[in-house]
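Colleague:
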Ligand SMILES: Cc1ncc(C[n+]2csc(CCOP(=O)(O)OP(=O)(O)O)c2C)c(N)n1
Ligand code: SF4
Ligand code: SF4
Ligand code: SF4
Ligand SMILES: [Mg+2]
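Residue numbers (the numbering used here), protein chains in the order written: chain A, 1253 to 1508; chain B, 6 to 77.
1) Would you identify the three-state DSSP class for residue 1481(A), choosing helix, strand or coil?
2) Beta-carbon separation of residue 1465(A) and residue 1433(A) under 7 Å?
3) Check for me: the beta strand (DSSP E) holding residue 1310(A) runs from which residue to which?
4) How far does the alpha helix (DSSP H) with residue 1287(A) in it reach, from first residue to last?
5) Please report the distance separating the alpha-carbon of residue 1315(A) from that of residue 1353(A).
6) I need the residues with a C-beta less than 6 Å from some heavy atom of ligand 2; please give them in chain order.
7) If we count Cβ pairs, one from each stretch, closer than 8 Å, do we get three or more for the region 1262-1271 of chain A versus the region 51-69 of chain B?
8) Got a sec: is the Cβ-Cβ distance from residue 52(B) to anything in chain A below 7 Å?
9) Taking C-beta pairs closer than 9 Å, name the residues in chain C that residue 44(B) reaches, listed in chain order.
10) Rounded to whole angstroms, what's the CA-CA distance from residue 1507(A) to residue 1448(A)? Just pull it up for me.
11) Do residue 1287(A) and residue 67(B) have their CB atoms nearer than 7 Å?
12) Looking at residue 1259(A) and residue 73(B), is the spacing between their C-beta atoms short of 7 Å?
13) Can you list, in chain order, the residues of its chain whose CB lies under 6 Å from that of residue 1391(A), leaving out five sequence neighbours each side?
14) Quick one: list the residues of chain A neighbouring residue 28(B), beta-carbon separation under 8 Å, in chain order.
15) Per DSSP, residue 36(B) forms a beta bridge with which residues?
16) Exposed or buried, which one is residue 20(B) when buried takes at least 16 other CB atoms within 10 Å?
17) Do we get a CB-CB distance below 7 Å when we pair residue 1409(A) with the residues of chain B?
18) If you measure from the beta carbon of residue 75(B) to each beta carbon in chain A, is any gap under 7 Å?
19) Is residue 1395(A) near ligand 1 - that is, is its Cβ less than 6 Å away from at least one heavy atom of it?
20) Which one or two residues does DSSP pair with residue 70(B) in a beta bridge?
21) List, in chain order, every chain A residue whose beta-carbon is nearer than 7 Å to that of residue 13(B).
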């Protein structure tokens, strides 16, 4: 039988960090879903061979520095305004692949108007929506997506519908708009889930060149620091609580 | 068909989050006793049961695992 040192040869490599990810150490907390999603976006762009034809729009939120990690062209938007920048980038460069990367505070709170109208206009862009149910960057405040009963720094006794309203399922809302082509909700807590999310992102990129409208990939994610759990406990909590309100699977696909 | 595998972990970049450990079907990853220069205990191989399935590397948020695999 081969020993470990016999196996450890370049020709036997079956998985490694995609070359499109820079060598910068990510500023994210240990176990944060943002890093995993960055990695699969890099893999998709690399596998499609579109590095010099892709423009990313980064948000305000923990992923504000996404441009430090994936070696493509980027613009950094004002809070919630990534779909507006993406609209301009895509309309001026229809041969380019354009995507936004946005958190739930960015997309479903301050940026609600932008995402609704970008979807309604049927912009040929991809939106990657990281729903971790909280404002991670600013210290764990309630987001529109925070679950009822969930404790955050602004709902210390748990979100109460009477006081704080209900969790916003914005993804289902966007599926009702005629300008959206592909809408799905995925996660990255297991290897199988990561592969599904990667396939969905690839489909979104492919659809963005078919002139059929906007592709929207929600990734139900963890913010273990904001949730005050370990990364592994946060993944478990997500499967037990988040998936009930935010079930995984495709919601809309106009080509099916 | 059976596979034998092994992994290589970039210790200095590992943040010890342990999601790789939770995703390994062969229970062959553990956290080190020592810490890296950032103060994190890092992932390391615990035994030689690895089958090179790449589950650990696929879920690693910091992309620090390289996976090798051969047919046996
Ligand atoms: C105009 C404006 N309002 C408020 C803020 C403060 N702020 C920064 S990030 C953020 C929310 C980020 O939450 P989310 O989009 O969910 O990203 P996460 O950090 O959770 O990934 C807020 C309110 C800001 N930077 N600019
Ligand atoms: S605060 Fe939350 S979202 Fe931000 S890097 Fe840490 S775990 Fe990730
Ligand atoms: S998932 Fe990656 S960063 Fe986390 S402990 Fe494992 S090797 Fe380290
Ligand atoms: S490649 Fe598979 S078997 Fe080997 S350490 Fe990673 S998860 Fe475990
Ligand atoms: Mg958030």
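Heads up, the beta-carbon is just placed ideally off N, CA and C, and yes, glycines get one too.
All of these numbers come straight from a predicted model, not from anything done at the bench.
Modeller: Walking through what the data contain:
1) Residue 1481(A) sits in coil when the DSSP states are folded into three classes, being neither helix nor strand.
2) Yes. Within cutoff.
3) Start and end: 1306-1310.
4) Segment 1285-1300, the alpha helix (DSSP H) holding residue 1287(A).
5) Whole-angstrom Cα-Cα distance: 8 Å.
6) Around ligand 2, the residues whose beta-carbon falls short of 6 Å from at least one of its heavy atoms are 1280(A), 1281(A), 1284(A), 1286(A), 1314(A), 1384(A), 1388(A), 1389(A), 1475(A), 1476(A), 1477(A) and 1478(A), given in chain order.
7) Taking a contact to require three or more Cβ pairs closer than 8 Å, the region 1262-1271 of chain A and the region 51-69 of chain B qualify as touching.
8) For residue 52(B), the answer is no, since every Cβ of chain A falls outside 7 Å of its Cβ.
9) Checking the listed chains, one finds no chain C in this structure; the protein chains it contains are A and B.
10) Distance between the alpha carbons of residue 1507(A) and residue 1448(A) is about 18 Å.
11) Yes, Cβ-Cβ distance for residue 1287(A) and residue 67(B) is below 7 Å.
12) Against a cut-off of 7 Å, the Cβ pair of residue 1259(A) and residue 73(B) comes out as a contact.
13) Excluding the 5 residues flanking it on each side, residue 1391(A) has same chain C-beta neighbours closer than 6 Å at 1405, in chain order.
14) In chain order: 1442 and 1443.
15) According to DSSP, residue 36(B) bridges with 48(B).
16) Counting Cβ neighbours within 10 Å, residue 20(B) comes out buried, since at least 16 surround it.
17) Residue 1409(A) has a beta carbon lying at 7 Å or more from every beta carbon in chain B.
18) Chain A contact via Cβ: present.
19) Yes.
20) As a beta-bridge residue in DSSP terms, residue 70(B) pairs with 14(B).
21) Scanning chain A for C-beta atoms nearer than 7 Å to the C-beta of residue 13(B) yields 1260, reported in chain order.
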